[in-house]
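Residue numbers (the working numbering), protein chains in the order written: chain A, 235 to 570; chain W, 3 to 483.
The C-beta atom is built at its ideal place from N, Cα and C for all residues, glycine as well.
Working notes, beginning with the structure itself.
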Amino acid sequence: MAKLELLQSINAHKGIVWNVCWHPAGKIFASCGEDKVINLWSKESQGWAVKTMLVDGHQRTIREVAWSPCGNFLASASFDGTTAIWDKKSGQFECNATLEGHENEVKSVAWSPSGQLLSTCGRDKSVWVWEVAGDDEYVCEAVLNAHNQDVKKVTWHPSLEILASASYDNTVKIYKEDQLDSDWNCIATLDSHESTVWSLAFDKTGERLATCSADNTVKIWKEYKPNNELGVSVSDQESVWKCVCTLSGYHTRCIYDVAWCHQSGLIATASGDDIIRIFKETEDSDPNAPTFDLICKKYDAHSQDVNCVKWNPTLNNELLSCSDDGQIKVWKFVEE
Amino acid sequence: MASRFSGALQLTDLDDFITPSQECIKPVKIEKVKSKTGAKIKIGEDGYFDLSGGKEQKLQKVEITLADCLACSGCITSAESVLVTKQSQEELLRVLSERKYTDSKGVKRDVNLVVMSISPQPILSLAARYKLNVQEATNKLTGYFKKLGVDLVLDMRIAEDFAILEAQQEFLERYHNQQNDPAGKYLPMLASSCPGWVCYAEKTHGSFILPYISSTKSPQQIQGSLVKQFLAAKRELLPSSVYHVTLMPCYDKKLEASREDFYSEILSCQDVDCVITAIELEQMLSNEEKSLADLECANLDWPWEASDESGVWGHAGSGSGGYSDGVFMHAAEQLFGVTNPSMEYKNLRNPDFRVVSLDKDGKEVLKFAIANGFRNIQNLVQKLKRGKSPYHYVEVMACPSGCLNGGAQVRPPQGESTRDLVTHLNSLYRSLPQSEASENSLVSRLYTEWLSGRHSDKARALLHTQYHALEKSDVALNMKW
């Protein structure tokens with residue numbers, strides 16, 4: 235039997251806690267919420283405690299925070315329409331660049347694996363790609379209008395410059411740069427969910443993608459490259475993504491977040507039914523029709539909607555969650 | 003269906019998925035009649051009726067026009083219901099068939115003259131689509147419009163030359179103003195012929211960016227003045243009885259034609275009544291199961307003077323009309339005495355952001371750029387906001403690769419990339435005879451005879467326009483969750 239042991243419960247923010255993000259070294263994490271504050275937490279002898287509070291960066295709710303792969307920069311996406319970039323070149327964390335351009339609420343921000351690119355998305359239905367141009371300069375590389383509704387989340391492939399976005403239009407879009415004219419194009423549309431896609435996560439290879447939706451399902455998508463062994467037809471020399479597994483019947487409400495651990499391969503979900511669930515791929519799973527078992531279900535993980543789950547990037551099975559109830563919880567996944 | 007407007011417009015809340023009736027925030031003016039009691043309204047099957055007058059009186063339906071949408075900071079709707087009313091192939095066909103009907107019945111015409119002005123980019127697009135050379139495509143298009151009942155089919159060289167000459171002049175004025183008043187907002191001068199860019203600037207960056215945008219009208223609107231004012235007068239027609247249609251490479255031009263700035267109260271008409279695009283023309287032909295190649299040829303009209311100089315012309319520089327080149331060469335000569343400067347552009351971050359400069363005595367004295375596509379508009383605006391723009395002039399177009407790749411140009415056939423098509427269109431544009439605006443004798447004559455001189459108030463009034471910042475209003479109704 236597997237279980238989630240609660241290591242610590244933190245009253246973290248006034249009001250909704252929207253997002254948490256582990257620092258790449260796994261010893262610090264950042265959180266943000268409705269109170270327009272970003273908290274940086276580190277582990278003291280008494281447990282996790284606030285080391286730094288970043289205030290006055292945004293005028294409205296902060297929806298997501300993201301550490302750069304090098305760990306030196308923190309990006310924050312806000313409903314005030316801006317994305318702030320924080321660093322501590324001066325010794326303490328300061329906002330040294332602001333990315334403007336979205337018409338209204340920015341919903342998500344993510345760094346590419348190289349740390350050279352940044353993506354944002356929001357209510358104006360667009361997905362933006364920014365390039366780090368040095369000296370606190372960020373240049374807009376692309377504005378992608380592939381979705382026709384609010385874009386909820388952006389995330390990058392774990393090793394390549396391939397971007398994925400999830401939207402209120404029920405689809406997921408995948409983008410990459412066309413080297414010839416250095417412009418970005420939508421190369422695939424993943425269409426199968428029956429309601430808003432709230433979040434998405436690549437596995438460690440980047441060849442599979444988990445998506446979660448308000449239709450109460452998690453879907454697993456697999457990339458079929460040109461000339462794949464299975465003979466799945468591929469046009470225009472771009473990969474196709476096929477839904478190879480739908481996890482339905484497990485969640486009773488909207489699923490707001492999905493996290494695919496790059497070490498253990500476990501999938502965690504955050505749901506509006508206040509439950510955190512952990513799925514594990516079965517031993518003899520067929521790569522073209524994989525199966526997953528629900529191995530852990532933490533009832534009343536929070537007293538309200540669970541907004542976000544994040545696996546610690548180091549191999550320690552620690553999981554963070556945050557909720558509308560104002561709390562952050564630190565969990566340890568134990569498989570007995 | 004993906005929106006056909008440029009990316010810049012799509013971002014400014016252009017919404018294909020609501021109709022005005024659902025979420026429009028435009029206040030409706032109701033003519034109040036004094037009555038002792040409150041109004042009683044009956045809802046009938048065919049409308050709402052006001053009963054307060056004792057008998058049923060049908061209430062007027064509220065209609066939202068494109069001009070309303072443009073004057074509002076809320077959504078711009080591209081819902082068919084709005085566009086179809088004024089700006090479509092159906093409307094053009096309706097006007098033409100109505101006129102055929104009145105003619106056949108011997109009834110007095112509402113529309114005395116139908117004029118079609120065709121810009122070079124859609125001709126090239128259609129030439130490529132139907133595998134014709136530019137001359138054939140022009141003549142077949144002309145033949146097609148004539149057969150539909152259009153009276154005059156015109157090229158737009160005069161309007162384009164006017165636009166370049168006015169932009170050149172405006173740049174010199176702005177340059178001198180900036181020298182005399184370094185704190186003023188005169189430079190960089192930003193091109194104004196792209197309505198997608200102008201509309202985005204008005205709705206999003208308002209009073210900050212508008213002072214930089216050139217006041218020179220776009221060729222479409224200059225052509226509008228030429229047709230409705232000069233040509234109508236020459237033919238002794240009421241401007242409102244002339245129906246003026248343009249063929250354009252992008253949908254945003256429909257919004258431009260509908261602007262209130264281009265409506266004359268005195269003449270009670272728009273300068274351009276209807277805009278159709280290359281992609282709609284392709285559709286009109288396919289509806290009739292015709293190919294452009296099979297149609298009869300006709301020659302372009304030349305109503306301006308005796309010697310016929312009609313034809314499709316290009317300009318040196320970009321396929322968007324060559325503004326950067328035109329203004330640069332004029333400024334180099336007038337300000338620094340340099341004739342025939344080297345026009346070698348350097349790509350900046352991508353091929354859609356290109357820069358050219360003029361060095362004199364080891365010093366960079368002029369720096370111009372061409373910024374196409376929304377991402378480059380963004381970077382330009384951000385540079386300006388941070389006071390880091392090094393440019394004197396920027397040719398800004400909302401579509402990547404500029405007007406040859408306009409949002410309403412015919413899409414490439416399956417298997418062909420947009421890039422290859424644009425490269426082909428660019429080579430077609432380069433093959434056109436190049437117009438040198440300052441040497442266009444008809445234009446100089448029109449300055450004298452029509453506009454009472456180069457810098458007259460009349461030239462200012464007819465060849466320039468203004469822009470309006472729109473305050474954002476985030477009313478509750480306008481919020482979408």
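So with CB distances below 9 Å, who are the chain A contacts of residue i?
| i | result |
| --- | --- |
| Pro190 (chain W) | Near Pro190 (chain W) there are no residues of chain A at all, since even the closest Cβ is about 18 Å away, more than 9 Å. |
Going by C-alpha distance, which of the options is nearest residue i?
| i | options | result |
| --- | --- | --- |
| Asp422 (chain W) | W:Asp112, W:Ala130, W:Arg111, W:Thr104 | W:Ala130 |
| Val251 (chain A) | A:Trp565, A:Ser557, A:Val568, A:Glu569 | A:Ser557 |
| Tyr188 (chain W) | W:Tyr393, W:Lys205, W:Arg456 | W:Tyr393 |
| Val492 (chain A) | A:Gln242, A:Asn253, A:Gly305 | A:Asn253 |
| Leu493 (chain W) | W:Ala333, W:Gln222, W:Ser288, W:Leu294 | Outside the shown range of chain W, which is 3 to 483, sits residue 493 (chain W), and nothing can be said about it. |
| Gln91 (chain W) | W:Glu418, W:Thr140, W:Met286, W:Asp112 | W:Met286 |
| Leu337 (chain W) | W:Asn141, W:Glu441, W:Pro122, W:Gln181 | W:Gln181 |
| Asn462 (chain A) | A:Ile454, A:Lys453, A:Glu472 | A:Glu472 |
| Glu365 (chain A) | A:Asn541, A:Lys544, A:Gly349 | A:Gly349 |
| Lys387 (chain W) | A:Asp290, A:Glu334, A:Ser243 | A:Glu334 |
| Val543 (chain A) | A:Cys495, A:Ser519, A:Glu570, A:Thr516 | A:Cys495 |
| Gly506 (chain A) | A:Ser537, A:Thr516, A:Gly499 | A:Ser537 |
| Ala439 (chain W) | W:Lys236, W:Gly316, W:Asn428, W:Gln416 | W:Gly316 |
| Ser312 (chain A) | A:Pro303, A:Tyr372, A:Gln293, A:Ser482 | A:Gln293 |
| Thr206 (chain W) | W:Val383, W:Lys460, W:Pro414 | W:Val383 |
| Gly315 (chain A) | A:Ile421, A:Thr332, A:Ala444 | A:Thr332 |
| Gly281 (chain A) | A:Ser399, A:Phe263, A:Asn541 | A:Phe263 |
| Pro251 (chain W) | W:Val97, W:Pro124, W:Lys219 | W:Pro124 |
Going by beta carbon distance, what residues of the same chain come within less than 7 Å of residue i, once the five residues before and after it are set aside?
| i | result |
| --- | --- |
| Ser458 (chain W) | none |
| Leu464 (chain A) | Tyr458, Asn522 |
| Leu192 (chain W) | Tyr214, Ile215, Ser216, Val396, Val398 |
| Cys374 (chain A) | Gly335, Trp362, Trp364 |
| Met331 (chain W) | Pro343 |
| Cys304 (chain A) | Gly349 |
In chain A, which residues lie with their C-beta within 7 Å of the C-beta of residue i?
| i | result |
| --- | --- |
| Arg421 (chain W) | Leu414, Asp415 |
| Phe376 (chain W) | Val377 |
| Pro241 (chain W) | In chain order: nothing, as chain A lies at least about 38 Å away. |
| Pro402 (chain W) | Asp417 |
Cβ closer than 7 Å: which chain W residues qualify as neighbours of residue i?
| i | result |
| --- | --- |
| Gly335 (chain A) | Gln380 |
Please compile the residues from chain W whose C-beta is within a distance smaller than 8 Å of the C-beta of residue i.
| i | result |
| --- | --- |
| Val373 (chain A) | Arg351, Asn381 |
Once the 5 residues before and after residue i are set aside, which same chain residues still bring their CB inside 8 Å of it?
| i | result |
| --- | --- |
| Glu204 (chain W) | Leu212, Tyr469, His470, Ala471, Leu472 |
| Lys322 (chain A) | Asn306, Glu328 |
| Val86 (chain W) | Its pLDDT being 48, under 50, Val86 (chain W) is placed unreliably by the model, and nothing is read from it. |
| Leu294 (chain W) | Leu128, Arg131, Tyr132, Leu134, Ala139, Lys142, Leu143, Tyr146, Leu287 |
| Arg101 (chain W) | Arg111, Asp112, Val113, Val116, Gly151 |
Which residues in the same chain have their Cβ closer than 6 Å to the Cβ of residue i, if we skip the five residues on either side of it in sequence?
| i | result |
| --- | --- |
| Glu268 (chain A) | Gly249, Ile250, Thr295 |
| His381 (chain A) | Lys359, Ser401, Asp403 |
| Ser322 (chain W) | Met399, Gly404, Cys405 |
| Glu411 (chain A) | Trp418 |
| Lys385 (chain W) | Ser391 |
Which chain A residues sit within Cβ distance under 8 Å of residue i?
| i | result |
| --- | --- |
| Gln384 (chain W) | Glu334, Gly335, Cys374 |
| Thr206 (chain W) | Glu337 |
| Pro305 (chain W) | Those within 8 Å of Pro305 (chain W) in chain A number zero; the least Cβ separation is about 42 Å. |
Sufficient close CB pairs (3 or more, under 8 Å) joining the stretch 289-303 of chain W to the stretch 222-237 of chain W = no
request  = Kindly confirm or deny that the stretch 425-442 of chain A and the stretch 384-404 of chain A touch, where touching means at least three C-beta pairs closer than 8 Å.
outcome  = yes
inquiry  = Count Cβ pairs between the stretch 265-273 of chain W and the stretch 122-139 of chain W that sit closer than 8 Å; are there 3 or more?
reply    = no
task = Entirely within the stretch 279-355 of chain A and at least 3 residues each: give me those beta strand (DSSP E) ranges in chain order.
result = 281-288, 296-301, 307-312, 317-321, 328-333, 340-345
task = Specify whether the stretch 238-245 of chain W and the stretch 390-405 of chain W touch according to this definition: at least 3 beta carbon pairs, one from each stretch, less than 8 Å apart.
result = no
ask   = Can you list the beta strand (DSSP E) stretches of 3 or more residues lying completely in the stretch 374-458 of chain A, in chain order?
value = 385-390, 396-401, 405-412, 417-425, 431-436, 442-447, 452-458
Stretch pair the stretch 295-302 of chain A + the stretch 339-347 of chain A: three plus CB contacts closer than 8 Å = yes
query = If you scan the stretch 138-214 of chain W from start to end, which runs of the alpha helix (DSSP H) of 4 or more residues do you find wholly inside it?
reply = 159-182, 197-202, 208-211
task = Entirely within the stretch 368-409 of chain W and at least 3 residues each: give me those beta strand (DSSP E) ranges in chain order.
result = 395-399
ask   = Do three or more CB pairs link the stretch 151-162 of chain W to the stretch 105-117 of chain W at distances below 8 Å?
value = yes
key: Minimum length 4: unbroken alpha helix (DSSP H) runs contained in the stretch 462-506 of chain A   = none
message = When you compare the stretch 408-417 of chain W with the stretch 272-292 of chain W, are there three or more beta-carbon pairs, one atom per stretch, that lie closer than 8 Å?
response = yes
key: the stretch 446-454 of chain A in contact with the stretch 388-397 of chain A per 3-pair CB rule at 8 Å   = no
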